[in-house]
Amino acid sequence: MRAAIDTGGTFSDCVYLDAGELRVLKAFSTPADPARAVLSALRQVAPSIRVDLRHGTTLGTNAMLERRGARVAFVTTAGFEDTIAIGRQARSVLYDWFAPAQECLVPRELRFGVPERVSAEGENLRSPTEAELGTLVDAVRSSQAEAVAVSLLFSFANPVTERRIAEVLAALDIPVSLSSRILPEFREYERASTTVVNAYLAPRMQSYLLHLEDRVSAEHYQGRVDVMQSSGGIVSARLAAQEPVRTVLSGPAGGVMGAMRVAGLAGFERVIGLDMGGTSTDVFLSDAAQGGVRRTRESLVAGIPVSVPMLQIHTAGAGGGSLARFDRGGMLRVGPESAGADPGPICFGRGILPTVTDANLVLGRLDPSSFLGGSVSVDRDRAEAGLREHKGPLATHQEFAAGILRVVETEMDKAIRVISVEQGHDPRDFALVAFGGGGPLHACSLARSLRIPTVLVPMMPGALSALGILLADVVRDYARTVMLSGEAIHNLAEDFGDLEQQGRREFADEGLDGMAAHTVDLRYRGQGYELNVPWSAADPGHSIDAFHHLHRQRYGFADPGKPIQVVSLRLRMTALAEPWEPKRRDARPGDGSVARCGERNIFFDGQLLSSSVYRRDQLMAGDVIEGPALITEYTSATLLSPGCRATVDPFLNLVIAVRPAP
Amino acid sequence: MTQSAPDPVELAIFRSAVHSIAEEMGAALRRTALSPNIKERRDYSCAVFDDQARVIAMGDHMPVHLGSMPMSVEAAVRALALGPGDIAVLNDPYAGGTHLPDITMVLPVFLPGGTSPGFYVSNRAHHADVGGAFAGSMGPAREIFQEGLRIPPVRIVRSGAVDREMMNLLLLNVRTPEEREGDLAAQIGACRVGERRILDLVEKYGGPQMLALIEGLLDYSERLVRAELRRMPAGSFAAEDALDDDGVSDMPCRICVRLRIDPEAGSLHVDFTGSSPQVQGSINAVRAITLSACFYVLRCLLERDAPATAGILRPLTLVTPPGSIVDAQPPAPVAGGNVETSQRIVDTLMRALAQAAPDRVPAASSGTMSNLTIGGMDPLTGELFTYYETTAGGMGARPTLDGISGVHTHMTNSLNTPVEALEYAYPLRVRRYGYRSESGGSGRFRGGNGLVREIELLAPAQVTLLADRRRFRPWGLEGGGEGSPGRATVMDAATGRVAELPGKCSRYLHAGDVLRIETPGGGGWGL
Chain S
-9 MRAAIDTGGT FSDCVYLDAG ELRVLKAFST PADPARAVLS ALRQVAPSIR
41 VDLRHGTTLG TNAMLERRGA RVAFVTTAGF EDTIAIGRQA RSVLYDWFAP
91 AQECLVPREL RFGVPERVSA EGENLRSPTE AELGTLVDAV RSSQAEAVAV
141 SLLFSFANPV TERRIAEVLA ALDIPVSLSS RILPEFREYE RASTTVVNAY
191 LAPRMQSYLL HLEDRVSAEH YQGRVDVMQS SGGIVSARLA AQEPVRTVLS
241 GPAGGVMGAM RVAGLAGFER VIGLDMGGTS TDVFLSDAAQ GGVRRTRESL
291 VAGIPVSVPM LQIHTAGAGG GSLARFDRGG MLRVGPESAG ADPGPICFGR
341 GILPTVTDAN LVLGRLDPSS FLGGSVSVDR DRAEAGLREH KGPLATHQEF
391 AAGILRVVET EMDKAIRVIS VEQGHDPRDF ALVAFGGGGP LHACSLARSL
441 RIPTVLVPMM PGALSALGIL LADVVRDYAR TVMLSGEAIH NLAEDFGDLE
491 QQGRREFADE GLDGMAAHTV DLRYRGQGYE LNVPWSAADP GHSIDAFHHL
541 HRQRYGFADP GKPIQVVSLR LRMTALAEPW EPKRRDARPG DGSVARCGER
591 NIFFDGQLLS SSVYRRDQLM AGDVIEGPAL ITEYTSATLL SPGCRATVDP
641 FLNLVIAVRP AP
Chain Z
3 MTQSAPDPVE LAIFRSAVHS IAEEMGAALR RTALSPNIKE RRDYSCAVFD
53 DQARVIAMGD HMPVHLGSMP MSVEAAVRAL ALGPGDIAVL NDPYAGGTHL
103 PDITMVLPVF LPGGTSPGFY VSNRAHHADV GGAFAGSMGP AREIFQEGLR
153 IPPVRIVRSG AVDREMMNLL LLNVRTPEER EGDLAAQIGA CRVGERRILD
203 LVEKYGGPQM LALIEGLLDY SERLVRAELR RMPAGSFAAE DALDDDGVSD
253 MPCRICVRLR IDPEAGSLHV DFTGSSPQVQ GSINAVRAIT LSACFYVLRC
303 LLERDAPATA GILRPLTLVT PPGSIVDAQP PAPVAGGNVE TSQRIVDTLM
353 RALAQAAPDR VPAASSGTMS NLTIGGMDPL TGELFTYYET TAGGMGARPT
403 LDGISGVHTH MTNSLNTPVE ALEYAYPLRV RRYGYRSESG GSGRFRGGNG
453 LVREIELLAP AQVTLLADRR RFRPWGLEGG GEGSPGRATV MDAATGRVAE
503 LPGKCSRYLH AGDVLRIETP GGGGWGL
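Protein chains in written order, with the working numbering: chain S, -9 to 652; chain Z, 3 to 529.
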């Protein structure tokens, strides 16, 4: 049996296929030892049968956020020891004389220089002597480092010295991460930072994943463990343990892949995702024709640059718990400060400052009786009193609440613009896929302001991440910076051959047969950023045409006369997941009256409208509901604005036709 | 202030919308420009102006451009009757610019049915070369004519089409025309992104409501600044600081300031009377830069995400004696005024402000951008190259915190060029890049350390340095020590001898010579 478990939140979600039918089990997470929840869930769903487990873990994310990684020694070219701390020498906040220093994961006493140098052309100008290597080993040993990151200048162009250093450091018996293996690409700071993060996570992730795999194998008949990577592909636990930096945003990547899969099955190829949680909102854009969600190599994880490919997820500091206040100039501000879990929103009984959740509640947009299945008591009177107290110059507490929602939706609107308009995409060509606790509550209003015609609220919104992990392909990315002139595009077969050999070998070790996809990063000579385009041995010149085309599309101009540089080669090996078609229900016309459970007054644009309330779990395929209405479920609620119409599709997704704003 | 302030909710939404226009222009410019200085180091700014050329939104880009971009828009409007589809270009410091490498574009946005512009969008980018006597156009000139091509406000785009003749004129006068053309094309593209987004916004709001919101936003900024000034003590606070020299003579260049704070009115009067007369060397600042420095200091008193609009300057009255180093007149050279003198003006303002608000002001930061330009011919390609870089120093200690080491402060925030990007692009090899230990000033809180950077030339080249804080070190506060002064040396390849370089100089060096730059540390705070 194949099962996927995401240990992201309060609950560990386990999703598995039982005779083609998708099933979900929710169990309380065990943050101190996440494996306990995982193993106990597996015992329940698959007692004594073989299980292949696919895992989304937040262990890496949490270690980064809480700064609880390993003591890492950083080894680099002598004279450049401090570069890991200097970074790009810019400050992160422009106008704040009291901003704290950016924290570096490697303290000064753990930075070591090796006398060596490789030129830009890959020529080895100087190698360390055996005596110098011996000195290094002694120094690292006495530093009591728990892991080592090695990142030498131009090591991607000539990795000989990095490999030699790994050989001598093997004597210390601690994990060693090499930049020429983790990220063989130019720009030394970002490469070094990525390698350091890898080393920082290595000891903990190795022991966790290898232990988990041992137990799964022992309890479930040689079952194996695979892990979700931040890029949206699955990788074996063994490789994930060696390269934990690739799984640092494992859980969120699962959510993105799940949303994309569900949208694709429902017939939506181009989607903008909206995942609104308690403290922040994640947005992403996916166009199936262009390979799904774009990957970025410019991520920050807990403030530290990480340059391995990750799904491009943009985060806005606005969520259900975001605090509202008037600043000294009298302007209403919402977030990024959040009430968090403690004290939480006013309506949960302890908070004293108004939050987005309080605003939603007093405007009638949350149904207290169904909120988290009624397990959390929600105090509407308390929220109203709190809003009244803090309403500032506004006439009523409802006006204040409506203002809070408009401001927070502006933040989300802005976030969506960053990933769509700023990248040359028109939101009108996309469907908005809304999930997370707050996504479906704000989706109709956002879609309207962005002129997005359709909103999709996926089935199983609570287990979307685990679903994405279950259905993900096995993917591994390889890359190498070459920095060649444009004409070299015709002579890349050999370089690609080397990468492909490595990829095929690693896939074969896992018993997999992968497909190879070749791409190249190109730029006009002199540019500082590259565009990634496909490359094929049969017609390599096509890459150049594709580059000009993409450049024009994205930046508004192209110049076929300008010289081009081939910056990096990229190879993606993919082994497709087994196909899966969810059960398709017969749709029959209905109005959802069976699921209707009440009527409540909800504010829309300053007007109080009587709206029907429905239970989502009782809706059936083919039901059509007209707004204004509220469709509640365990972890969320979907708000249908007047004029919007929701149809329950054969997979039980809500597909909402959004009426444009007047 | 207007009588009826707009709704605080509408204001918040509008503020966010116009700010995102400036950010979108910046994203477009960064992604499409060719030169590393713009793409990698992000030395540019984008802003949105109303019909009266008042800035209503500015991206979080380069602080030195804050107060000076409105003057570019004013100059373009004054000089040209800009029509639909036109874009003006300019760099003349005496007609809306700051120093010649900073090229500004201004696009008037015509609203449907409008006969005069309803808005302006503008962007400014630091170009790696604009001609003149020194590769990189940042050398020790004596007249502005040696500093490069001067562009008064002219049209670079007419009715939507690039004016090829004008473009050819510009490109013929610079060392790296291909790169310049790419960067200029990116600036034009960014203007058009801004125009498109403004038209969207106007469609959403309609003219009258938008006008009310603009006034509301400017009033809001003004209120924020006045609220801070009301928390300060009444009084007059004077300070002075100096630049080491102008690169021509040894005479120090004084900057004197007197602040008069009126907490009742929430106003600030700033008077630079007493500052040195303008000098022969290239460190003169035009008034736009002095205004930018004031803008920056006021902006830093506000919350970190307060919008930078023209309203911030309303509580300010500024006196700059014409013909002085803080209000230079033609034909004084000005290349360093933007990068060096601007920092010293900020230092002087902060020194005075520290007397009024000792718990809110840090000690002096490195106070120089240590501008380095290397130009020559690349032996591999046979093409001319120009490399420009600023190297960060130590931040001054704060009343509650140590200063940060090796970080850009105050009027600049450009990124470094990665060593590997640099070595791919130029015949140079970096030998060392690290902290300069013990260079931060002592004190209860220590100043940040400066940096050390060593570059070996792989081909003969002209090396030009424009740096300061050799003689007058970054000062401490409340008894904190001074930061170490800056320093630069060259090791001659043939003899192995090491020679000191003055702060402002230009030298022809040989292949194999090694240039070493040590940047100043920040001042300390407290005993």
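Each residue gets a CB set at the ideal place from its N, CA and C atoms; glycine is no exception.
Endpoints, beta strand (DSSP E) assigned at V150 (chain S): Here V150 (chain S) belongs to no beta strand (DSSP E); instead the alpha helix (DSSP H) covers 150 to 159.
Those runs of the beta strand (DSSP E) which lie wholly inside the region 128 to 159 of chain Z and span at least 3 residues: none
Validate contact between the region 464 to 474 of chain Z and the region 341 to 355 of chain Z using beta carbons, cut 8 Å, 3 pairs: Result yes; three or more Cβ-Cβ pairs closer than 8 Å.
Contact under 7 Å by Cβ, L512 (chain S) with F537 (chain S): yes
CB contact check: Q492 (chain S) to chain Z, cutoff 7 Å: No, Q492 (chain S) lies away from the interface with chain Z (no Cβ there is under 7 Å from its Cβ).
Separation of M64 (chain Z) from G218 (chain Z), as counted between CA atoms: 25 Å
Rounded C-alpha distance that separates P358 (chain S) from G428 (chain S): 15 Å
DSSP state of N415 (chain Z) mapped onto helix, strand, coil: coil
Per-residue contacts from T73 (chain S) into chain Z (C-beta, under 9 Å): The answer, in chain order, is V421, Y435, G436.
Cβ separation of E422 (chain Z) and R177 (chain S), assumed to be a contact under 8 Å, to the nearest whole Å: The Cβ separation is near 6 Å, so the contact holds.
CA-to-CA distance, K16 (chain S) to L609 (chain S), given in whole angstroms: 22 Å
As assigned by DSSP and simplified to three states, the class of S297 (chain S): Coil, per DSSP.
Backbone CA spacing between N93 (chain Z) and V57 (chain Z) [nearest angstrom]: 19 Å
Coarse secondary structure for C296 (chain Z), derived from DSSP in three states: helix
Same chain only: Cβ atoms within 8 Å of E520 (chain S), ignoring 5 sequence neighbours per side: D511, L512, R513, V557, S558
Distance between D416 (chain S) and G281 (chain S) (C-alpha atoms, nearest Å): The alpha-carbon atoms of G281 (chain S) and D416 (chain S) are separated by roughly 17 Å.
Proximal residues of chain Z, C-beta to C-beta of D86 (chain S) below 8 Å: C302, R306
Listed by chain order, chain Z residues near T400 (chain S) by CB distance under 8 Å: A14, I15, S18, A19
Unbroken alpha helix (DSSP H) run spanning I23 (chain Z), endpoints: 10 to 34
Proximal residues, the region 490 to 520 of chain S versus chain Z, C-beta separation under 7 Å: Y514, G516, Q517, G518, Y519
Whole-angstrom C-beta distance between G526 (chain Z) and F447 (chain Z), which should lie under 8 Å: Rounded, the Cβ-Cβ distance is 7 Å, consistent with contact.
Where the region 407 to 419 of chain S meets chain Z: residues whose CB sits under 9 Å from a CB there: R407, V408, V411, E412, Q413
The ligand SAH heavy atom lying under 6 Å from the CB of F144 (chain S): The model depicted lacks the ligand SAH and carries no ligand whatsoever.
CA nearest to the CA of A437 (chain S), picked from S:V423, S:L100, S:L173: Closest by C-alpha distance to A437 (chain S), out of S:V423, S:L100, S:L173, is S:V423.
Selection of the region 176 to 196 of chain S by Cβ proximity to chain Z, strictly under 9 Å: F176, R177, E178, Y179, E180, R181
Any beta strand (DSSP E) of 3 or more consecutive residues that is wholly inside the region 221 to 264 of chain Z: 237 to 245, 255 to 264
Where M473 (chain S) falls, given that 16 or more other Cβ within 10 Å makes a residue buried: Within 10 angstroms of the beta-carbon of M473 (chain S) lie 16 or more other beta-carbons, which makes it buried.
Under the three-state DSSP convention, the category R116 (chain S) falls into: The answer is strand: DSSP assigns R116 (chain S) an E or B state.
Whole-angstrom C-beta distance between V246 (chain S) and V283 (chain S), which should lie under 8 Å: Right, their Cβ atoms sit about 6 Å apart.
I336 (chain S) to G436 (chain Z) span [Cα, whole Å]: In this model, I336 (chain S) and G436 (chain Z) are separated by some 50 Å (Cα to Cα).
Euclidean distance between Cα positions of E175 (chain S) and L482 (chain S): 16 Å
CB of L352 (chain S) within 7 Å of CB of E374 (chain S), strictly: Looking at the sequence provided, one finds Val at residue 352 (chain S) rather than Leu. Cβ atoms of V352 (chain S) and E374 (chain S): closer than 7 Å.
Below-7 Å beta-carbon distance, G268 (chain S) vs any chain Z residue: no
Buried versus exposed, by CB contacts within 10 Å (16 or more), M3 (chain Z): Here the model assigns M3 (chain Z) a pLDDT of 39, short of 50, so the residue's position is not dependable and the matter cannot be decided.
Of the listed residues S:L446, S:A292, S:D503, S:L264, nearest to R700 (chain S) (C-alpha basis): There is simply no residue 700 (chain S) to check, as chain S begins at -9 and stops at 652 in what is shown.
Against chain S: residues of the region 110 to 139 of chain Z by CB proximity under 7 Å: none
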